[in-house]
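Presented below is the structure to which this report refers.
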Ligand code: NAP
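Numbering (the working numbering), first residue to last: 249 to 495.
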């Protein structure tokens, strides 16, 4: 596992699921953390679980759909931790429905958190990374953003949008030594997938070459790789971590 000692890593949606696993993996690798989610108590609880790693942890409850909150979070991270080296845009939501039943609110909410939130947080972080001529962003997309998925037109569009955003930022900021990549997880065991109907889960399992769902730690390993110097010549890449669900 790569060493992140002294690096400052910002993770959105870090209170649970994949985001918490990311925070734990980066803390184990020595990184200081700036963590956000919307709910303060869950965030504090998560930070408490990470206290034993002896790294600095700054937490802030905020909504990533608000540009001012994203800017403020980045500025306060610099004050609290000293600088910013890595941003992982992980926060995301689902509001599933078949297209003809999906209302505008469900569309807007998911696009707003998943895609606009990723844009706003990236923009705030990139202002800092651009100036210091180094930085690293990893965006969490999804296998469904690559293959489509009935009942998730809003979510799929947001995750496909993240792939386009990733490639564009990689091209815009590569000259400033900022790498921007995405990880596209398949089915991961979290509260997001726990909520799926049993028949959907069984069908998915049948289509996965490795015949198991991913753990959040499987995803974290891929994110740490892309954020590390081991991936020094990789940018604009979408790394599939889907157990062979989609090739
Ligand atoms: P999760 O368990 O539902 O956690 C989502 C996290 O995002 C929570 O910490 C939540 O905090 C935060 N969040 C939600 N809306 C936010 C907002 N507006 N502003 C700030 N934080 C917000 O999700 P997960 O399953 O770990 O998924 C994490 C990421 O992986 C998502 O982008 C998801 O789309 C992607 N993904 C997941 C899977 C899977 O199978 N689970 C597969 C592919 C991709 P609060 O509760 O405090 O709001």
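Just so it is clear, CB atoms sit at the ideal spot from N, CA and C, and this is done for glycine as well. Since the model is a prediction, treat every value here as computed from it, not as a measurement.
- DSSP places residue 441 within a helical segment (H, G or I) once states are collapsed to three.
- Inter-segment contact for the segment 323-335 and the segment 434-444 is absent: fewer than three beta-carbon pairs are separated by less than 8 Å.
- Taken from the Cβ of residue 460, every heavy atom of ligand 1 lies 6 Å or farther away.
- One thing to note: residue 468 has its Cβ within 7 Å of the Cβ of residue 273.
- One Cα belongs to residue 472, the other to residue 440, and the distance between them is close to 22 Å.
- The residues 407, 432, 433, in chain order, have a CB closer than 7 Å to that of residue 390 in the same chain once the five nearest residues on each side in sequence are set aside.
- By the Cβ neighbour-count rule, residue 382 is exposed, with fewer than 16 other Cβ atoms within 10 Å of its own.
- Nearest neighbour of residue 289 by Cα position, chosen from 264, 443, 280, turns out to be 264.
- In this structure, residue 280 sits away from residue 308, with a CB-CB distance that is not shorter than 7 Å.
- The beta-carbon distance between residue 306 and residue 285, rounded to whole angstroms, is 13 Å. This is too long to meet the 8 Å contact definition.
- In terms of Cα proximity to residue 414, the closest of 402, 428, 401 is 428.
- Annotated three-state conformation of residue 395 is helix, per DSSP.
- Ranked by Cα distance from residue 253, the options 268, 262, 277, 351 are led by 277.
- Taking a 10 Å sphere around the C-beta of residue 466, we find 16 or more other C-beta atoms and assign the residue as buried.
- DSSP places residue 366 in the uninterrupted alpha helix (DSSP H) bounded by 365-380.
- In the structure shown, residue 410 falls within a helical segment according to DSSP collapsed to helix, strand and coil.
- Not a single heavy atom of ligand 1 lies less than 6 Å from the C-beta of residue 395.
- Judged by beta-carbon spacing, residue 411 lies within the 7 Å limit of residue 486, meaning their Cβ atoms are closer than that value.
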